[in-house]
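Chemist: Residue numbers (this note's numbering): 79 to 715. Glycine residues also receive a C-beta, built at the ideal position from the N, C-alpha and C atoms.
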């Protein structure tokens, strides 16, 4: 054994984090950038003391809400293509419980983040301490057990020497493209301050090598045969294309063999929207062009995708009688989906090796690609010019609100602006290399359909979990990853109310973010869902007890925090605010009042949701019958 270093468990943790490196494609960089923390009685005297004594190169940020700061860490990892992370330290009890939502977000998106929630006393002598839960069936259960099902790796440290094995195991998970996700290491609060003689070799520089998984010759031969036997193959670009940095390979493959691209939310902007074969987002929030192409396809080449229900329109986007699937994915589990041919490999490596094997092959999509693009471009142009009328107005989400109700909203919000019109105005005005972030509500649908990303990797959507409240916290993480670029949080009023605490953190640390708040006074997306399926408008609008539409001054809230604010209810005001916001050094918020039911809708897609089988409403009865018909049509019933 080597020399020993006597230090506390928390001090050993911080020293270890400083020595972790990742090696990809010949590039070696530190893996842990820093740590977000909110100090409480479970961590301030342990991890807090260790950071104050010697944080090393770790940057330390004081969060305002545990979920919020964790979302910032998750967004940072995503923006860095999982090659850099932040750790997150919380107190015990409610502090650690607040991590559960963020852990679910990271797990659903396969994003690495290190959670370090404090735990109860290992000795159990002071129990029950403040904020400690008690269960009659076991003294070992703590709040942190709630994190087990939403962690990729979970452990509890009740002795200092346990730290060594659990950290090595945790970082194996954090740096594995297949298993990447949240790692939770709960450290008993008395153990954080307990000393131990650690072997100094534990603190030597540790390099985690991430080698690209190569396809086998058998997989390549099978993939070649399947593509050659298809007439209209379609490439589905998933988030794995971004993480693999396979943009150039996807473009080259698509151009050479005339195969169109469609995108998932995670894959959007891996290849620019301006690429000639890019038909945009597919599925429930997809473009008409992409969804029509999916109907025509006899082979779907899914690259780095999980085939979620939104991407596949609940498995109704394809004709399973004639459409086959070729799945390129580092995860064997994901590659097995839809009974596809599995190529368990890195996307960049697989496409590079397939590129020359198909010489002489060309798909039959041909002129269909520009025809589909032209049709969708015309629809997008129409949506950019939607004008509200006081009579005879037909909203995009049709047959929901009467003209009277639409007029009521226009009067209450003092705005006639449509959401699609405002969003496209934003797209046309901000700098092309700016990065946008969103997550929940109706905006992700509008963004996947309407947003044109002219620079790759400028579209950041958390849609694996679609977690309300990610938008502003995520913007902070993205800004930390891209300090020289403008970052825009595109958020609805519902998500803003859920969580916007890290706007204060952004202001505190001079990390400029721009919040674009689309306010339609309600949970508009879910209101559409309930009314689409025969229900009335029930508890999704923001109305007072006497049924008045609420008009909240969100700009005043942000102004009180210290942000530069704007109120913009016309396209001209939106563009002027955006131009002025570019000149600001401080974080900004642009409040836009937009009318409900003016978001995009439909486009040859269907979503399988739970509908009441028995109801006294005819509309619900019709919705249930449509569900049965769609399931029969897709052979799922």
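1. Going along the chain, which unbroken runs of the alpha helix (DSSP H) with 4 or more residues stay wholly within the segment 584-654?
2. Would you check if there are 3 or more beta carbon pairs closer than 8 Å linking the segment 514-533 to the segment 674-689?
3. Identify whether residue 140 lies in helix, strand or coil by the three-state DSSP scheme.
4. Does DSSP classify residue 337 as helix, strand or coil?
5. Who are the Cβ neighbours of residue 412 in its own chain at under 6 Å, not counting the five residues just before and after it?
6. When the Cα of residue 416 is compared with those of 452, 257, 378 and 585, which residue comes out closest?
7. Measure the C-alpha to C-alpha separation of residue 179 and residue 146 and round it to an integer number of angstroms.
8. With residue 516 as the anchor, note down where its beta strand (DSSP E) starts and where it stops.
9. Straight-line CA distance for residue 547 to residue 278?
10. Would you list the one or two residues that DSSP bridges to residue 108?
11. Where does residue 233 sit, in a helix, a strand or coil, going by DSSP?
12. Buried or exposed: residue 283, going by 16 or more other Cβ atoms within 10 Å of its Cβ?
13. Would you grab the beta carbon distance between residue 588 and residue 550 for me? Rounded to a whole angstrom, and I think it's under 8 Å.
14. Given that a residue counts as buried once 16 or more other Cβ atoms are within 10 Å of its Cβ, and exposed if not, what is residue 204?
15. What number of angstroms, rounded off, separates the C-alpha of residue 168 from the C-alpha of residue 99?
16. What is the C-beta distance between residue 569 and residue 594, in whole angstroms, given that I count them as a contact (C-beta under 8 Å)?
17. Determine the burial state of residue 215: buried for a count of at least 16 other Cβ atoms within 10 Å of its Cβ, exposed for fewer.
18. Tell me, which residues are paired with residue 716 by DSSP?
19. Where does the unbroken beta strand (DSSP E) through residue 504 begin, and where does it stop?
20. Which of the three DSSP states, helix, strand or coil, is assigned to residue 303?
21. Apply the 10 Å Cβ neighbour rule to residue 195 and answer buried if 16 or more other Cβ atoms are within range, or exposed otherwise.
22. With respect to the beta strand (DSSP E) encompassing residue 429, which residues constitute its N-terminal and C-terminal limits?
23. Using 8 Å as the threshold, is the segment 599-618 in touch with the segment 634-650, meaning 3 or more CB pairs across them?
24. Taking residue 446 as the reference, which of 311, 515, 327 and 190 has the closest Cα?
25. From the DSSP secondary-structure annotation, give me the bridge partner or partners of residue 356.
26. Taking C-beta to C-beta, are residue 350 and residue 465 nearer than 7 Å?
27. Please say whether residue 162 and residue 322 have beta carbons closer to each other than 7 Å?
28. Can you round the beta-carbon distance between residue 592 and residue 565 to whole angstroms, since I take them to be within the 8 Å contact cut?
29. Per DSSP, what kind of secondary structure is residue 455 in: helix, strand or coil?
30. Within a Cβ cutoff of 7 Å, which residues of the same chain sit near residue 486, ignoring the five residues on either side of it in sequence?
31. Quick one: measure Cβ to Cβ for residue 701 and residue 611, integer angstroms, because I've assumed they're closer than 8 Å.
32. Taking only runs that begin and end inside the segment 264-321, name each unbroken beta strand (DSSP E) of 3 or more residues, in chain order.
33. Identify every residue that forms a DSSP beta bridge with residue 377.
34. Under the assumption that residue 363 contacts residue 522 (Cβ atoms under 8 Å), give the Cβ distance between them as a whole number of angstroms.
35. If we ignore side chains and look at the alpha-carbon of each, how far apart do residue 301 and residue 439 end up?
36. Per the contact definition of three or more C-beta pairs closer than 8 Å, is the segment 504-511 in contact with the segment 324-340?
Modeler: Let me spell this out:
1. 602-610 and 632-639
2. yes
3. Taking the first residue of the chain shown as position 1, residue 140 is located at position 62. Note: residue 140 maps to strand in three-state DSSP.
4. As a working mapping, residue 337 is identified with position 259 in the chain shown. Reduced to three states, the DSSP call for residue 337 is coil.
5. Residue numbering aside, residue 412 sits at position 334 when the chain shown is read from its first letter. Excluding sequence neighbours, residue 412 sits near 384.
6. What you label residue 416 is simply residue 338 of the chain shown in a count that begins at 1. Of the listed residues, the one whose Cα sits closest to residue 416 is 378.
7. Sequence index remark: in the chain shown, residue 179 carries index 101 (1-based). Sequence index remark: in the chain shown, residue 146 carries index 68 (1-based). Looking at the two C-alpha atoms, the distance is approximately 10 Å.
8. For the purposes of this step, residue 516 is identified with residue 438 of the chain shown, where counting begins at 1. Residues 513-516.
9. Position 469 of the chain shown, counted from the first residue, corresponds to residue 547. Position 200 of the chain shown, counted from the first residue, corresponds to residue 278. For residue 547 and residue 278, the distance between alpha carbons rounds to 42 Å.
10. Taking the chain shown and counting its residues from 1, the one referred to as residue 108 is at position 30. Looking at the DSSP assignment, residue 108 forms a beta bridge with 99.
11. Taking the first residue of the chain shown as position 1, residue 233 is located at position 155. It is a strand residue.
12. Looking up residue 283 in the chain shown gives position 205. Burial call: exposed.
13. Your numbering for residue 588 matches position 510 in the chain shown. Your numbering for residue 550 matches position 472 in the chain shown. The Cβ separation is near 16 Å, so there is no contact.
14. For the purposes of this step, residue 204 is identified with residue 126 of the chain shown, where counting begins at 1. Residue 204 comes out exposed.
15. Here the question's residue 168 lines up with position 90 in the chain shown. Here the question's residue 99 lines up with position 21 in the chain shown. Straight-line Cα distance between these residues: approximately 24 Å.
16. On the chain shown, residue 569 is found 491 positions in, with the first residue counted as 1. On the chain shown, residue 594 is found 516 positions in, with the first residue counted as 1. That belief holds up - the Cβ atoms of residue 569 and residue 594 are roughly 7 Å apart, short of 8 Å.
17. Position 137 of the chain shown, counted from the start, is the residue given in the question as residue 215. Its Cβ having fewer than 16 others within 10 Å, residue 215 is exposed.
18. One cannot answer for residue 716 here, as it falls past the ends of the chain, which runs 79 to 715.
19. Working through the chain shown from its first residue, we reach residue 504 at position 426. Run containing residue 504: none in the beta strand (DSSP E); it sits in the alpha helix (DSSP H), 497-507.
20. The residue labelled residue 303 in the question sits at position 225 within the chain shown. Helix, per DSSP.
21. Taking the first residue of the chain shown as position 1, residue 195 is located at position 117. Residue 195 comes out buried.
22. By one-based count along the chain shown, residue 429 stands at place 351. Where residue 429 is concerned, there is no enclosing beta strand (DSSP E), although the alpha helix (DSSP H) it sits in stretches over 425-433.
23. no
24. By 1-based counting over the chain shown, the position of residue 446 is 368. Minimum Cα distance to residue 446 is reached at 311.
25. As a first step, residue 356 must be located in the chain shown, where it is residue number 278. Its beta-bridge partners are 339.
26. Taking the first residue of the chain shown as 1, we reach residue 350 at position 272. Taking the first residue of the chain shown as 1, we reach residue 465 at position 387. Going by beta carbons, residue 350 and residue 465 fall outside the 7 Å limit.
27. As a first step, residue 322 must be located in the chain shown, where it is residue number 244. As a first step, residue 162 must be located in the chain shown, where it is residue number 84. Their beta carbons are not under 7 Å apart, which means residue 322 does not touch residue 162 by this criterion.
28. The residue given as residue 592 occupies position 514 in the chain shown. The residue given as residue 565 occupies position 487 in the chain shown. With a Cβ gap of about 7 Å, residue 592 and residue 565 count as contacting.
29. Along the chain shown, one-based indexing puts residue 455 at 377. Three-state result, residue 455: helix.
30. In the chain shown, counting from the first residue as 1, residue 486 sits at position 408. 627.
31. Translated into the one-based positions of the chain shown, residue 701 becomes position 623. Translated into the one-based positions of the chain shown, residue 611 becomes position 533. The pair is a contact, with the Cβ atoms about 4 Å apart (cut-off 8 Å).
32. 273-277, 284-287 and 311-315
33. As a first step, residue 377 must be located in the chain shown, where it is residue number 299. Within the DSSP bridge table, the entry for residue 377 names 311 and 402 as partners.
34. Within the chain shown, numbered from 1, the residue matching residue 363 stands at position 285. Within the chain shown, numbered from 1, the residue matching residue 522 stands at position 444. About 6 Å separates the Cβ atoms of residue 363 and residue 522, confirming a contact at the 8 Å cut-off.
35. Locating residue 301 in the chain shown gives position 223, where the first residue counts as 1. Locating residue 439 in the chain shown gives position 361, where the first residue counts as 1. If I take the Cα positions, the gap works out to 13 Å.
36. no
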